[in-house]
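Please read the structure below before turning to the comments.
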Amino acid sequence: MKHSNIPIFLPELACPHQCVFCNQEKISGTLSIPKPEDVSKIIETHLSSLKEKRIVDIAFFGGSFTGISIDLQEKYLKEAFKFIHSGIVSGIRISTRPDYIEQEKLDLLKKYGVTTIELGAQSTNNEVLNKSGRGHNFESIKKAAALILENGFQLGLQMMIGLPYDTFERSLQTANDIAALGAQSTRIYPTVIIKETVLEQLYNKGKYKPLSLEEAVVWTKELVKVFEKNNINILRIGLHPSEELKPGKSLAAGPFHPSFKEMVMSKIWNELIFNALENKNPENASFRINDKQLNFAVGFNGSNKKELEQKGINTRFTADSSLSKYQFDVSYN
Ligand code: SF4
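Residue numbers (numbering that gives the first Met the number 0): 0 to 332.
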């Protein structure tokens, strides 16, 4: 059965941290925050819009859930728990920071049916965390991850690439650390520069250079390989194309693209295809590709097909649902 999340966005209010990439004023000033009494309505509206039977989770996202007062957490959880109790919803997911995980908080989450905790780890390199103003170090990520798993929750660890002082090697290390810490899921977000942030000031002074879109795609391609090798579910690649990221709004610079995931997957297929064709120089190449991967194999905007044809190779791509994800067949006639 397919899976669906009912997202309830709780943007962080008066967060005591100063992550250099975050515009707190924008977060706390412009977004309306659902109150606990609004939760049932949001869930019911979402449930009524589902066209088929699905496994449904309620997801408190967008802020640090365990950073809000215990009283308020309990009010939100009680509302969501009603739907778990009646069997309509199977679990609750929350996102939070590594330094907001303590046994007492986990006990409350457990009591109300929370199944998955996603931590914004962002990096496991202490210099990157420090220069990004995260206010926690790798040690706190390790401790929080261990405590979450010991308490029987599913663990998600999100990461960012291209933060200040990040390098390709450091981001690869972060992905490997996320795997070693036992995460079952992850999200990969390239760092972009939002207006009126410390990062924008650093950028304007020439002290921070964002990744180019091409670099972000190439780095992410390697991270995807690490996560797939370790059977970690990649829930998201790239930032959600929200209103604020539309041209002329809050984005100052950086590797944002609404089709970032497609670009990354297309790069993965570019590598597979050109490795297979190495030293072959065929005139024609017909590829059979898993149906769900076909568009990625052809490439974002047909980029892989175009590259092959620029090399003088006539190509044909067809879908074959009997093939597994990265399995493909190529014939040269
Ligand atoms: S990104 Fe950092 S500064 Fe912004 S709300 Fe989250 S923890 Fe606070």
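Where a beta carbon is used, it is the ideal one built from N, C-alpha and C, also for glycine.
From a predicted model like this one, the values you see are computed outputs, not experimental measurements.
| said: Starting from Gln121, trace the beta strand (DSSP E) in both directions and tell me its first and last residue. | reply: Gln121 -> beta strand (DSSP E) spans Val113 to Gln121.
| said: For the pair the stretch 124-140 and the stretch 15-23, tell me if three or more CB-CB distances fall below 8 Å. | reply: Flag = yes, the stretch 124-140 and the stretch 15-23 touch.
| Excluding the five sequence neighbours on either side, which residues of its own chain have a C-beta within less than 7 Å of the C-beta of Gln62, listed in chain order? | It should be pointed out that residue 62 corresponds to Gly in this sequence rather than to Gln. Here Gly62 has Leu9, Pro10 and Glu11 as same chain residues with Cβ atoms under 7 Å from its own Cβ, once five neighbours each way along the sequence are excluded.
| query | Would the stretch 64-72 and the stretch 99-119 be scored as touching if the rule is three or more Cβ pairs under 8 Å? | reply | yes
| said: Please report the straight-line C-alpha distance between Asn269 and Lys1, rounded to a whole angstrom. | reply: 30 Å
| task | Would you kindly report the start and end of the unbroken beta strand (DSSP E) that includes Thr317? | result | Asn313 to Ala318
| task | Over the uninterrupted alpha helix (DSSP H) stretch that includes Ala182, give me the two end residues. | result | Segment: none, Ala182 is in no alpha helix (DSSP H) and carries neither H nor E.
| Between which two residues does the alpha helix (DSSP H) carrying Gln102 extend? | Gln102 to Lys110
| request: Could you tell me whether any non-hydrogen atom of the ligand SF4 is closer than 7 Å to the CB of His16? | output: yes
| query | Terminal residues of the continuous beta strand (DSSP E) containing Thr95? | reply | Gly90 to Thr95
| Given a threshold of 16 other Cβ atoms within 10 Å of its Cβ, counted over all protein chains shown, does Arg315 qualify as buried or as exposed? | exposed
| query | How far does the beta strand (DSSP E) with Ile288 in it reach, from first residue to last? | reply | Asn283 to Ile288
| field | Unbroken beta strand (DSSP E) run spanning Phe82, endpoints | value | Phe82 -> not in any beta strand (DSSP E); alpha helix (DSSP H) instead, spanning Ile69 to His84.
| message | Rounding to the nearest angstrom, what Cα-Cα distance links Thr44 and Pro6 in this structure? | response | 12 Å
| Whole-angstrom C-beta distance between Leu222 and Leu171, which should lie under 8 Å | 7 Å
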